[in-house]
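**Q** Adding 3 to a residue's 1-based position in the sequence shown gives its number in the numbering used here. Glycine residues also receive a C-beta, built at the ideal position from the N, C-alpha and C atoms. From a predicted model like this one, the values you see are computed outputs, not experimental measurements. Submitted below is the structure of interest, expressed as structure tokens.
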Amino acid sequence: MANNIILLNGDLTEAGGAERLTFEEARYLEKKGFNATILTFDFRKEVLFNQAYKLNIHVFDMKFNGMNFVVQSIYRIMALRKQIREMKPDLIIASNSWDCTYLYFATLFTPFQYATHIHGSIFWFLDDPLKYALIHRKVFHEIRESVAGHKEFIPVRLRINFTRRVIAEFAAIAMYKAVRKAEKVFVLSNQMRWEISRLYGKDAVVLKGGFSRDVLNYRPKQDIKKKLGIENKKMILNVNRLDPRKRVDLLIKAFGKVSDSYDDVVLVIGGTGKDEKKLRELSAELKLTSKIRFAGYIKEQELWDYYSSCDVMAHPNWAEFAIAPLEALALNKKVVWTTEMEIDETLKGNKNIFPADPTVDDFAIAIEKALNTEIKAKYNLDIYTWDRYCEGIMKELDLLVKG
């Protein structure tokens with residue numbers, strides 16, 4: 004396998020699953036003796052999960068700042084092309100379809116190959132107008148109808164001005180060509196593989212990874228229930244960025260129905276975001292302030308303690324794959340998630356999973372069922388560790404380079 008690999012993640016400003024995957028990938032490559040360099044256009048040190056990662060990161064410092072989008076994109080492509088020519092990588096791995104599009108132009112008429120991750124297609128991003136482009140017109144309704152959250156969050160029509168419409172049309176064509184040119188496309192679910200096939204006529208490789216192997220034998224360092232003053236209570240936990248697509252409002256309403264029958268249940272909501280004020284107001288409106296704790300930002304080193312302390316993890320998100328509930332399952336915790344989440348062969352038969360339609364009533368029923376179900380079985384989720392995930396990536400890339 005080649006020694007020099009670039010990982011392109013254009014926006015490293017907010018810590019999340021995609022950012023963690025980039026860092027884990029780079030760390031794995033370095034551990035295996037490769038020279039891994041992360042390239043990004045915008046960076047904040049807070050993204051490093053409390054400095055948990057010490058990696059080689061090159062920052063172009065070219066964040067979008069109000070300048071014409073097309074002009075700035077051209078500057079980014081030129082800077083990226085120059086850096087690639089200087090580094091002469093044996094392979095480049097993009098973090099998403101937008102980064103893939105930058106690579107398409109930056110590597111035109113060069114020998115450099117690239118692969119790409121696509122954690123979410125354009126249908127999983129509310130404000131991405133590319134899904135409405137003419138090039139996707141034939142599959143728009145088919146994909147929108149395939150997931151409850153798509154129908155819930157994505158309007159059938161989008162009103163944008165003429166200039167944005169034209170830019171979106173050209174960008175959609177560029178992204179189509181970019182994804183099709185990628186030597187490999189990596190996705191996290193079969194739903195995403197199907198969407199990529201319908202959007203770009205490109206087959207993708209499904210590989211799933213979500214947590215460190217250390218979680219499999221983790222022993223809590225602190226008692227979170229004691230810390231929160233709820234020692235004798237049952238704890239339902241939700242950890243999220245507080246924004247609409249996480250459906251925390253749905254969870255609060257479902258919890259309200261459950262709490263009518265239980266005096267010993269508390270909902271703990273971890274995370275911050277633009278919806279926090281609305282969610283606090285909703286809790287007050289439903290007279291649940293005494294039963295809901297907003298824990299705020301939870302430090303990386305405390306997350307597993309929160310998971311270990313909860314009785315049920317609630318994950319109402321619009322998502323087909325997510326790291327947090329997988330970590331909770333790895334700790335043998337009961338998880339309530341939506342029917343949008345993919346249950347693969349490894350998870351089939353896992354009695355800790357309680358699927359529910361993303362409605363208040365169905366989620367309330369699933370939470371109550373989880374609270375009242377005792378699970379003694381232990382499940383091995385080693386297949387979802389970062390090491391196993393990165394091994395799968397490298398196996399595919401080995402075949403690519405050697406082929």
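Rounded to a whole number of angstroms, what is the C-alpha to C-alpha distance between residue 356 and residue 379?
**A** Mapped onto the sequence shown, residue 356 falls at position 353. Mapped onto the sequence shown, residue 379 falls at position 376. Distance between the alpha carbons of residue 356 and residue 379 is about 13 angstroms.
**Q** What are the partner residues of residue 61, as DSSP defines its beta bridges?
**A** As a working note, residue 61 is residue 58 in the sequence shown. Paired residue(s): 42.
**Q** Can the beta-carbon of residue 153 be found closer than 9 angstroms to that of residue 147?
**A** The sequence position of residue 153 within the sequence shown is 150, counting from 1. The sequence position of residue 147 within the sequence shown is 144, counting from 1. A contact, by the Cβ cut-off of 9 angstroms.
**Q** Give me, in chain order, the residues of the same chain whose beta-carbon lies closer than 7 angstroms to that of residue 257; leave out the 5 immediate sequence neighbours on both sides.
**A** Start at 1 with the first residue of the sequence shown, and residue 257 comes out as number 254. Counting only Cβ-Cβ distances below 7 angstroms, and skipping sequence neighbours, we find 363, 366, 367, 370.
**Q** I'd like to know whether the C-beta atoms of residue 128 and residue 177 end up nearer to each other than 9 angstroms.
**A** As a working mapping, residue 128 is identified with position 125 in the sequence shown. As a working mapping, residue 177 is identified with position 174 in the sequence shown. No, the pair does not count as a contact, with Cβ atoms beyond the cut-off.
**Q** State the CB to CB distance for the pair residue 12 and residue 93, rounded to an integer number of angstroms; the pair is presumed to be in contact (CB under 8 angstroms).
**A** As a position in the sequence shown, residue 12 is number 9, starting the count at 1. As a position in the sequence shown, residue 93 is number 90, starting the count at 1. 19 angstroms between Cβ atoms; not a contact.
**Q** When the Cα of residue 265 is compared with those of 173, 237, 251, which residue comes out closest?
**A** Here residue 265 refers to the residue found at position 262 when the sequence shown is read from its first residue. If we check each option's Cα against that of residue 265, 237 comes out closest.
**Q** By Cβ distance below 6 angstroms, which residues in the same chain neighbour residue 317 in space, the five residues on each side in sequence not counted?
**A** By one-based count along the sequence shown, residue 317 stands at place 314. Taken in chain order, the residues that qualify are 239, 241, 254, 339.
**Q** Classify residue 2 as buried or exposed, calling it buried when 16 or more other Cβ atoms lie within 10 Å of its own Cβ.
**A** The structure shown does not extend to residue 2, since the chain spans only 4 to 406, so no value can be given for it.
**Q** What are the boundary residues of the beta strand (DSSP E) that residue 328 is part of?
**A** Residue numbering aside, residue 328 sits at position 325 when the sequence shown is read from its first letter. No beta strand (DSSP E) contains residue 328, which is instead part of the alpha helix (DSSP H) from 326-333.
**Q** Spatial neighbours of residue 331 within its chain, please: C-beta separation below 7 angstroms, excluding the five flanking residues on both sides.
**A** For the purposes of this step, residue 331 is taken as residue 328 along the sequence shown, with counting starting at 1. Cβ neighbours of residue 331 beyond the five flanking positions: 310, 316, 338.
**Q** Starting from residue 341, follow its DSSP beta bridges and name the residues at the other end.
**A** By 1-based counting over the sequence shown, the position of residue 341 is 338. Partner(s): 359.
**Q** Thinking C-alpha only, which one of 313, 283, 312, 300 is nearest residue 293?
**A** In the sequence shown, counting from the first residue as 1, residue 293 sits at position 290. Checking every option, the nearest Cα to that of residue 293 belongs to 283.
**Q** What do you get for residue 383, buried or exposed, if any count of 16 or more other CB atoms within 10 angstroms of its CB means buried?
**A** The residue labelled residue 383 in the question sits at position 380 within the sequence shown. Exposed, by the Cβ-count rule.
**Q** Taking contact to mean 3 or more Cβ pairs, one atom from each stretch, closer than 8 angstroms, check whether the region 165-172 and the region 187-207 are in contact.
**A** Contact between the region 165-172 and the region 187-207 is absent, because fewer than three Cβ pairs lie under 8 angstroms.
**Q** If we ignore side chains and look at the alpha-carbon of each, how far apart do residue 223 and residue 361 end up?
**A** Within the sequence shown, the letter at position 220 stands for residue 223. Within the sequence shown, the letter at position 358 stands for residue 361. Roughly 31 angstroms separates the two Cα atoms.
**Q** Per the DSSP calculation, residue 120 is bridged to which residue(s)?
**A** Taking the sequence shown and counting its residues from 1, one reaches residue 120 at position 117. Answer is 189, bridged to residue 120.
**Q** In terms of residues, what are the limits of the alpha helix (DSSP H) holding residue 161?
**A** Reading the sequence shown from its first residue, position 158 is the one you call residue 161. It is not in any alpha helix (DSSP H) - residue 161 carries neither H nor E in the DSSP assignment.
**Q** Counting C-beta neighbours from all protein chains within 10 Å, is the total for residue 135 16 or more, i.e. buried, or is it exposed?
**A** Indexing the sequence shown from 1 puts residue 135 at position 132. By the neighbour-count rule (16 or more Cβ atoms within 10 Å), residue 135 is buried.
**Q** Below 7 angstroms CB to CB, which residues in the same chain sit around residue 172 once its five sequence neighbours on both sides are set aside?
**A** Stepping through the sequence shown from its first residue, residue 172 is reached at position 169. So the qualifying residues of the chain are 136, 137.
**Q** Within the continuous beta strand (DSSP E) that includes residue 318, where are the two ends?
**A** Within the sequence shown, residue 318 is the residue found at index 315, counting from 1. Note, residue 318: beta strand (DSSP E), 315-318.
**Q** Terminal residues of the continuous alpha helix (DSSP H) containing residue 282?
**A** By one-based count along the sequence shown, residue 282 stands at place 279. Looking at the DSSP string, the run of the alpha helix (DSSP H) that includes residue 282 is 279-288.
**Q** For residue 27, is the classification buried or exposed, using 16 other Cβ atoms within 10 angstroms of its Cβ as the cut-off for buried?
**A** Locating residue 27 in the sequence shown gives position 24, where the first residue counts as 1. When all chains shown are included, residue 27 counts as buried.
**Q** Three-state secondary structure (DSSP) at residue 245?
**A** For the purposes of this step, residue 245 is taken as the residue at position 242 of the sequence shown. Coil, per DSSP.
**Q** DSSP state of residue 259, grouped into three classes?
**A** Numbered from 1 along the sequence shown, position 256 holds the residue referred to as residue 259. If DSSP states are grouped into helix, strand and coil, residue 259 belongs with the helices.
**Q** Within 10 Å of its beta-carbon, does residue 81 have 16 or more other beta-carbons around it, so buried, or fewer, so exposed?
**A** Position 78 of the sequence shown, counting from 1, holds the residue named residue 81. Exposed: under 16 other Cβ atoms inside 10 Å.
**Q** Please state the DSSP three-state secondary structure of residue 381.
**A** Counted from its first residue, the sequence shown places residue 381 at position 378. Three-state DSSP puts residue 381 in coil, outside helix and strand.
**Q** Should the region 56-66 be regarded as contacting the region 26-44, the criterion being three or more beta carbon pairs within less than 8 angstroms?
**A** Yes, the region 56-66 touches the region 26-44.
**Q** Count the other C-beta atoms from every protein chain shown that fall within 10 angstroms of the C-beta of residue 327, then say buried if there are 16 or more, exposed otherwise.
**A** Reading the sequence shown from its first residue, position 324 is the one you call residue 327. With 16 or more Cβ atoms within 10 Å of its Cβ, residue 327 is classed as buried.
**Q** Tell me the rounded alpha-carbon separation between residue 385 and residue 393.
**A** Residue 385 sits at position 382 when you count from the first residue of the sequence shown. Residue 393 sits at position 390 when you count from the first residue of the sequence shown. Cα-Cα distance, rounded: 13 angstroms.
**Q** Does residue 183 come out as helix, strand or coil in the three-state DSSP assignment?
**A** One-based indexing of the sequence shown puts residue 183 at position 180. The answer is helix: DSSP assigns residue 183 an H, G or I state.
**Q** I need the DSSP call for residue 32, collapsed to helix, strand or coil.
**A** Here residue 32 corresponds to residue number 29 of the sequence shown, with the count starting at 1. Helix, per DSSP.
**Q** What does the alpha-carbon distance come out to for the pair residue 24 and residue 231?
**A** Along the sequence shown, read from residue 1 onward, the residue named residue 24 stands at position 21. Along the sequence shown, read from residue 1 onward, the residue named residue 231 stands at position 228. So the two alpha carbons sit approximately 31 angstroms from each other.
**Q** When you compare each of 68, 319, 112, 47 to residue 244 by their alpha carbons, which one comes out closest?
**A** Taking the first residue of the sequence shown as 1, we reach residue 244 at position 241. Minimum Cα distance to residue 244 is reached at 319.
**Q** Considering just the uninterrupted stretch of the beta strand (DSSP E) at residue 273, what are its terminal residues?
**A** Counted from its first residue, the sequence shown places residue 273 at position 270. Note, residue 273: beta strand (DSSP E), 268-273.
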